[in-house]
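Down below is the structure, laid out as structure tokens.
Structure (structure tokens):
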């Protein structure tokens with residue numbers, strides 16, 4: 001082989017895009033609040049894909065090349081998604097409107113699996129008693145729910161962290 005580390009480069013690129021697609025499929029709500037189980041999952045995934053990237057090469061240079069490839073791809077993807085809107089739309093999540101002028105978007109809430117109770121909890125954390133008091137509620141790209149109240153005198157935007165993962169993991 002002309003370049004002995006070409007295999008590591010190709011494997012690292014493949015793993016990067018697999019992980020990007022997997023995270024895109026599982027969505028932002030899964031990443032909104034990392035708990036112990038999430039951190040364990042991240043560690044186990046990193047360990048499981050390591051061999052897929054470096055193969056039988058356990059040398060320091062092999063690991064450094066894999067890391068360099070991952071950093072380089074990540075840098076390039078960020079630049080390309082900023083430059084090409086279609087690629088950004090394909091790879092990146094967008095904020096989603098949950099409530100607009102006090103009206104709930106039930107289709108979006110259902111698709112994103114955001115419960116009525118989660119919205120009420122977020123509203124309470126923002127000092128709002130009723131969902132109709134909300135001018136705009138968004139599920140942000142980082143998985144938080146941000147709320148802007150209708151009361152223009154006290155315009156307030158804060159972030160409510162979804163605890164969806166934590167509740168589901170407690171059921172297991």
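Residue numbers (full-length UniProt numbering): 1 to 172. Every residue gets a Cβ at the ideal spot worked out from N, C-alpha and C, and that includes glycine.
Do you know offhand how far residue 68's Cα is from residue 105's? Straight-line Cα distance between these residues: approximately 43 angstroms.
Between the alpha carbons of residue 58 and residue 81, how many angstroms are there, rounded? If I take the Cα positions, the gap works out to 33 angstroms.
If you pair each beta-carbon of the region 107 to 121 with each one of the region 71 to 88, do three or more pairs fall below 8 angstroms? Below 8 angstroms, too few C-beta pairs join the region 107 to 121 and the region 71 to 88 to call them touching: fewer than three.
How long is the line joining the alpha carbons of residue 119 and residue 141, rounded to whole angstroms? Answer to the nearest angstrom: the Cα atoms are 17 angstroms apart.
Am I right that residue 136 and residue 145 are in contact with their C-beta atoms under 8 angstroms? What's the rounded C-beta distance? 11 angstroms between Cβ atoms; not a contact.
From which residue to which residue does the beta strand (DSSP E) around residue 130 run? Counting along the chain, residue 130 sits inside no beta strand (DSSP E), nor does DSSP assign it H or E at all.
Could you have a look at residue 97 and say whether DSSP puts it in helix, strand or coil? The answer is strand: DSSP assigns residue 97 an E or B state.
Residue span of the beta strand (DSSP E) that contains residue 149, given as start and end: From DSSP, the beta strand (DSSP E) with residue 149 extends over 144 to 149.
Any idea if residue 99 is buried or exposed, counting beta-carbon neighbours within 10 angstroms, 16 or more meaning buried? Result: buried.
What does the alpha-carbon distance come out to for the pair residue 3 and residue 16? Going from the Cα of residue 3 to the Cα of residue 16 covers about 21 angstroms.
Looking at the structure shown, is residue 103 part of a helix, part of a strand, or coil, going by DSSP? Residue 103: strand per DSSP, three-state reduction.
Note down the Cα distance separating residue 22 from residue 45, rounded to an integer number of angstroms. For residue 22 and residue 45, the distance between alpha carbons rounds to 11 angstroms.
Along the chain, where does the alpha helix (DSSP H) containing residue 203 start, and where does it finish? In the structure as shown, the chain begins at 1 and stops at 172. Residue 203 is therefore absent and cannot be evaluated.
How many Å lie between residue 97 and residue 83 at the Cα? Between residue 97 and residue 83, the C-alpha separation is close to 25 angstroms.
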